[in-house]
Amino acid sequence: MTDKTPDPTATPSGDVVAENDASENVASENVDPRETQAFDGLASRWWDPQGEFRPLHDINGPRADWIDERAGVSGRSLVDIGCGGGLLTEAMARRGAKVTGVDRAGKALQVAELHRMESGLEIDYREATAEQLAVESAGAYDVVTCLEMLEHVPDPASVVEACLTLARPGGDLFFSTINRTPLAWVAAIVGAEYVLGLLPKGTHRYDRLIRPSELAGFVRAAGGDVIEIAGMHYNPFSHSVRIDHRPRVNYLLHARKPDA
1091 MTDKTPDPTA TPSGDVVAEN DASENVASEN VDPRETQAFD GLASRWWDPQ GEFRPLHDIN
1151 GPRADWIDER AGVSGRSLVD IGCGGGLLTE AMARRGAKVT GVDRAGKALQ VAELHRMESG
1211 LEIDYREATA EQLAVESAGA YDVVTCLEML EHVPDPASVV EACLTLARPG GDLFFSTINR
1271 TPLAWVAAIV GAEYVLGLLP KGTHRYDRLI RPSELAGFVR AAGGDVIEIA GMHYNPFSHS
1331 VRIDHRPRVN YLLHARKPDA
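My numbering puts the first residue of the sequence shown at 1091, with every later residue one more than the last.
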């Protein structure tokens, strides 16, 4: 147990962010440099299934299956926004998708590229934001994924809008993030980071968590249709995952871009 109460404004580096810092971070890009630096600092451990990213390893298969069951990714072009070290991108490539992975954490992308070379998979990794890619590749992808990333940027609605821009008409989009509720604060921040040590302290800020209704609103405001919202429940003791229709803490959202 820890006697330190988590600060909801703390970043993974342990710094505390003033409320007006977000506007400065968004000045040129929708990126929080502290978040990028924190994930770059952990880059070498992305593919250690017993390390800081073990929860991501544990949920990766079930969330990839959930996406594949709804989008049938084999043979389809897919872009993974916020791909980090490439866990989901490789899972999608192994299921037959033609995958592009995008992130602003350069060191994490280097790790992803090295692992891709070892695995022999064909994946195109790019260091960019969703917004930057949307300018270059509007309507280029059959499937867009953005998992465990929206809670780490100053303006998640902007990322959602960019994802809708990247999808072709009729394309499928998948988001996952953490609900902003007292239960989520206890389970995903206090429990996971400060009690059980499943994630580095300060990985998540409570004020950046997103309610399902808010995420659905971002999707609809960007012109998308919400198809399904599902809860993703992780048991840190058995390392098992259950996906159902109760988005109490972690959740997934399936959206679709209307046909032209």
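Yeah, the Cβ is synthetic: ideal placement off N, Cα and C, and Gly gets one too.
As the structure is a computational prediction, the values presented were derived from the model and not from experiment.
Residue i burial status per 10 Å Cβ neighbour count (16 or more: buried)
i	result
methionine 1322	buried
alanine 1117	Because the pLDDT of alanine 1117 is 35, which lies under 50, any placement of that residue in the model is unreliable, and the number read from its coordinates should be weighed accordingly. The residue in question, alanine 1117, is exposed, as its Cβ has fewer than 16 Cβ neighbours within 10 Å.
valine 1331	buried
proline 1337	buried
arginine 1310	exposed
proline 1259	exposed
methionine 1207	exposed
aspartate 1232	buried
valine 1225	exposed
serine 1248	buried
glutamate 1251	buried
glycine 1191	buried
arginine 1184	exposed
For residue j and residue i, the rounded distance between their alpha carbons
i	j	result
aspartate 1262	isoleucine 1213	19 Å
glycine 1314	leucine 1254	7 Å
valine 1243	aspartate 1148	24 Å
glycine 1174	alanine 1350	32 Å
isoleucine 1171	tyrosine 1324	22 Å
tyrosine 1346	phenylalanine 1143	Per the sequence presented here, residue 1346 reads as arginine, with tyrosine not at that position. For arginine 1346 and phenylalanine 1143, the distance between alpha carbons rounds to 29 Å.
aspartate 1138	glutamate 1217	22 Å
isoleucine 1333	tyrosine 1215	29 Å
alanine 1187	arginine 1295	33 Å
glutamate 1351	valine 1121	Residue 1351 lies beyond the stretch modelled for the chain, which goes from 1091 to 1350, so this question has no answer here.
isoleucine 1300	valine 1316	16 Å
leucine 1264	histidine 1344	Here residue 1264 turns out to be phenylalanine, not leucine, going by the sequence shown. Phenylalanine 1264 and histidine 1344: Cα-Cα distance of roughly 5 Å.
arginine 1166	phenylalanine 1327	36 Å
leucine 1211	glycine 1307	36 Å
threonine 1235	proline 1272	27 Å
leucine 1204	leucine 1168	20 Å
leucine 1199	glycine 1176	8 Å
glutamate 1238	asparagine 1269	11 Å
alanine 1181	valine 1201	16 Å
glutamate 1304	proline 1152	24 Å
glutamate 1159	glutamate 1318	13 Å
tryptophan 1275	alanine 1230	37 Å
Where residue i sits in the DSSP three-state scheme
i	result
serine 1303	helix
serine 1266	strand
alanine 1257	strand
glycine 1196	helix
arginine 1295	coil
histidine 1205	helix
valine 1309	helix
histidine 1242	helix
serine 1248	helix
leucine 1211	coil
valine 1276	helix
aspartate 1349	coil
glycine 1174	coil
threonine 1271	coil
For residue i, the first and last residue of its enclosing alpha helix (DSSP H)
i	result
alanine 1183	1177-1184
valine 1225	1220-1226
Beta carbon proximity, residue i to chain E, threshold 7 Å
i	result
glycine 1260	The chain inventory of the structure shown lacks chain E, comprising one protein chain alone.
Continuous beta strand (DSSP E) stretch holding residue i: start and end
i	result
threonine 1235	1231-1237
asparagine 1340	1340-1346
arginine 1332	1330-1334
glutamate 1119	Segment: none, glutamate 1119 is in no beta strand (DSSP E) and carries neither H nor E.
alanine 1320	1315-1325
Alpha helix (DSSP H) runs contained entirely in the segment 1129-1171, provided each spans 4 or more residues:
1144-1161
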